[in-house]
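In my numbering, the protein residues as written are -14 to 312.
All C-beta atoms, glycine included, are put in the ideal place defined by N, C-alpha and C.
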Amino acid sequence: MNDYRTKPIGDFITKLADGIWQIELPHLKTQSANVFLIEDEKITLIDSGPPDPFCMDILLKALRRIGYQWTDINLLLLTHPHIDHLGGVAFLPTLPEIYAFKGTQTEMRTYDHYMKRWRGLLDKFASEYPELQGILLSKLSIDWLHSFFPVGGTLEITKEVIDGETISLGKRELQVIYTPGHSMHHMSLLLKQEKLFFSGDFMLHRGPALAHVMGDQVEAFIQSIKRVEDLTIEKVYPSHGYPFSFESGLGRVSSLISRQEERLLNALSDSPKTAMDLYISYIGSKNASIERFGLDFAGADTIIKHLLNKGDIKKEGLYFYRNGFYH
Ligand SMILES: [Zn+2]
């Protein structure tokens, strides 16, 4: 179990550059999530962190340590509507201006609505993969979902931004770059002056997650890569984990789909496999989780559907086959 509750507040704060800070918010249910503070005429935060009063407490204390009260924050930018990055809004003492990518308000609407959508995703998978129904809709998995998502309240976005739009913070400017794939309404933010790239969950340290996507977003993800590949970027600040070079981040996202496809195709090259087998090949047996299965399976499902669409694999009964293999 994490011992973060006893850690001194300074341990959660990293100064990244002049006037730019990272605050790492730990969470028991998921990996810790990063919130970034940019000091300018507008005191700006990127993401709110997970929906947990304890995370909020750390955020407020960290801001105070850096020199701000919560009410000093003018602008909150949300990279994407996933609960570990915007769920914290439900626990904020007051709301600053909130910007998010176009479509976020409709996707998010209310926390209840959001919660129902994820529950709907489990139902959808359960009807597509009846063999997995027991685990998808198990009490454990539903309870996990409910315990993680805050219920009640509305997320009010002040402004929805679009690809290429510039957000002025005063002396500094952030450029919005539409980077869907991990999430439909995902934006990354490029701090133009310093050429720092806040990648959200589009680029992550150990390779980005195409998990948790709704439907086939492989094409969208490939377009996202094209949108960023020619940019000049000094450093990438992901919403989970530690900073890395743009070159290494780009390398990881560019090879992501082929690596994931290969994992599933390799698993299928000697014998047909079930959806559960493919999930384990996708996620790795040590990461497989009964509680999180519904959410993690979304990633495997994305790659499975992509391979089915391309005609590389087929499904008969409970088994997936690699086309052109086995004699
Ligand atoms: Zn995340």
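By the Cβ rule, the segment 220 to 237 does not count as touching the segment 251 to 271, because fewer than three pairs are nearer than 8 angstroms. With a 10 Å radius around the Cβ and a threshold of 16 neighbouring Cβ atoms, threonine 287 comes out buried.
In this structure, arginine 248 lies near tyrosine 267, with their beta-carbon atoms less than 8 angstroms apart. Going by DSSP, lysine 220 is part of the beta strand (DSSP E) stretching over 220 to 223. Below 8 angstroms, too few C-beta pairs join the segment 286 to 302 and the segment 227 to 239 to call them touching: fewer than three. Arginine 49 counts as exposed, since fewer than 16 other C-beta atoms from the protein chains shown sit within 10 angstroms of its C-beta. Residue Leu189 holds the alpha-carbon nearest to the alpha-carbon of leucine 241 among Leu181, Leu189, Ser184. Leucine 77 and glutamate 219 have their C-alpha atoms spaced approximately 32 angstroms apart. At least one heavy atom of ligand 1 is found less than 7 angstroms from the C-beta of aspartate 69. With a threshold of 7 angstroms, the Cβ atom of histidine 225 counts as near ligand 1, since some heavy atom of the ligand is closer than that. A distance criterion of 7 angstroms places the beta-carbon of alanine 18 in contact range of ligand 1, judged by its closest non-hydrogen atom. In this structure, threonine 151 keeps its C-beta atom at 8 angstroms or more from the C-beta atom of valine 213. The count of Cβ pairs closer than 8 angstroms, one atom from the segment 29 to 43 and one from the segment 66 to 80, reaches three, so the stretches are in contact. When the beta-carbon positions are compared, tyrosine 84 and threonine 139 stay at least 8 angstroms from each other. For histidine 170 against glutamate 92, the beta-carbon gap comes to about 6 angstroms, under 8 angstroms, which counts as contact. A contact is defined here as three or more CB-CB pairs under 8 angstroms, and the segment 122 to 136 fails this definition with respect to the segment 171 to 179.
If you compare the alpha carbons of Leu10, Leu154, Leu253 with that of isoleucine 43, the shortest gap goes to Leu10. Distance from the Cα of tyrosine 96 is smallest, within the candidate group Leu71, Phe110, Leu22, for Leu71. At least one heavy atom of ligand 1 falls within 7 angstroms of the beta-carbon of aspartate 186. The alpha carbon of valine 20 has as its nearest neighbour, out of Ile28, Asp32, His12, the alpha carbon of Asp32.
The alpha helix (DSSP H) runs lying completely inside the segment 3 to 64 and spanning 4 residues or more are 38 to 51, given in chain order.
When the beta-carbon positions are compared, leucine 60 and lysine 27 come within less than 8 angstroms of each other. For the options Met41, Gln90, Ile51, the alpha carbon positioned closest to that of isoleucine -2 is the one of Ile51. When rounded, the separation of the alpha-carbon atoms in isoleucine 5 and isoleucine 23 is 5 angstroms. Of the candidates Val146, Gln202, Leu107, the residue whose Cα lies closest to the Cα of glycine 88 is Val146. Among the bridge pairs identified by DSSP, leucine 280 is matched with none.
Among the bridge pairs identified by DSSP, isoleucine 162 is matched with Ser173. Lysine 124 is not bridged by DSSP to any residue.
Secondary-structure assignment with DSSP links glutamate 301 through a beta bridge to Tyr304.
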